[in-house]
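In what follows, a structure is listed as structure tokens, so that the remarks can point back to it.
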Amino acid sequence: MPLPQVECTGSITMGETTVFRECVKVKKVFDEFVLRECVEGIEFEVDECHENFKGSIEPTLILRNCTIINPQIKNASTNSEKRLRFSGKCCCQVFAKDLKGNIIRLRVKCVPAGTALSKGPNGELCFNFSVRRIYPGATEEIFNRLLHFVDQEAFELQCLSEAIIDEENNEFTGGSLITNIGIFVAIKFDAEVQLCIPVFGTCEITDECSEEEFCDTFELVDIPNFNPPQINDENPYCD
């Protein structure tokens, strides 16, 4: 929940140490929730650049570059409950690892109707969500702060996903795979806030570049032993 607002000026003395109040901007997660869906009969196809791929893949899929399409947060409060409704579509590129360890790009070809999953514009795996979150412990002031981020559109929804397919049905035929999939999606609601933190002082700026040249330090590297170990010959390069 949002932190209380405080005056962020001046200093504090703790024993012999003085710290200063400084205001910094950070991303704060105000809420998060995890959804799951299991679908039978989803169909994948191998990306064109892997058209010669034939074989099985590991059950755990690799979901990358997840983005949320049309994220929305609306005030869904009633007279007795303070609540928000989150909706959108989390779409991820799908990759898999074959039995030789190669990473294969997969594209969603077909998703059964009536599920939370769908096909993205470029074959991504998308999770459609519409979730109502209740805030029973939130005061009117705290809930209004949440609404402030929503009204100003100063929020960001992020999604993280993990998915596995049926390990008994993970073999492609003609570049196509019809299998069952279980997917988890974590949705995070965050916004940029300003935090008041104690600061001991300003760090000394140091030169990160080394004055030593590579070839100068290379002269100090020990010569490797190119011969197999010999009995009573610990260092064949001794003078």
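First residue of the sequence shown: 796, per the numbering used here; consecutive thereafter. Cβ coordinates follow ideal geometry from the N, Cα and C atoms, glycine included.
In the displayed model, F825 falls within a strand according to three-state DSSP.
A residue is called buried once 16 or more other Cβ atoms fall within 10 Å of its Cβ, and N939, having fewer, is exposed.
The residue among L856, V824, S925 and V829 with its C-alpha nearest the C-alpha of A871 is S925. The DSSP assignment places 912 to 914, 920 to 929 and 950 to 960 as complete runs of the beta strand (DSSP E) inside the segment 902 to 969, in order along the chain (cut-off: 3 residues). By DSSP's assignment, D893 forms a beta bridge with I852. Taking C-beta separations shorter than 7 Å and ignoring five residues to either side along the sequence, I1000 has no partners in its chain. Beta-bridge pairing by DSSP links F815 to S806 and V994. C1010 and P1019 have their C-alpha atoms roughly 17 Å apart. Spanning the alpha carbons of Q867 and P916 requires a straight line of approximately 20 Å.
The distance from the Cβ of T997 to that of I837 is about 55 Å, inconsistent with a contact at the 8 Å cut-off. Partner residues in the beta bridge of K884, as assigned by DSSP, are I864 and N923.
G969 counts as exposed, since fewer than 16 other beta carbons sit within 10 angstroms of its beta carbon. Contact check for R928 against F995 fails: the beta carbons are separated by 8 Å or more. Leaving aside the five residues that flank P854 on each side, the residues in its chain whose CB is nearer than 8 Å to its CB run, in chain order, I959, I960, D961, E962 and N965. Out of K904, L858, E1008 and F922, the CA that lies nearest to the CA of S971 is found in K904. Following the DSSP letters along the chain, one finds D1017 in no alpha helix (DSSP H), marked with neither H nor E.
Apart from sequence neighbours up to five positions away, the residues of its chain that approach R880 with a beta-carbon distance below 6 Å are K869, A871 and R927, ordered along the chain. Leaving aside the five residues that flank T862 on each side, the residues in its chain whose CB is nearer than 7 Å to its CB run, in chain order, C886.
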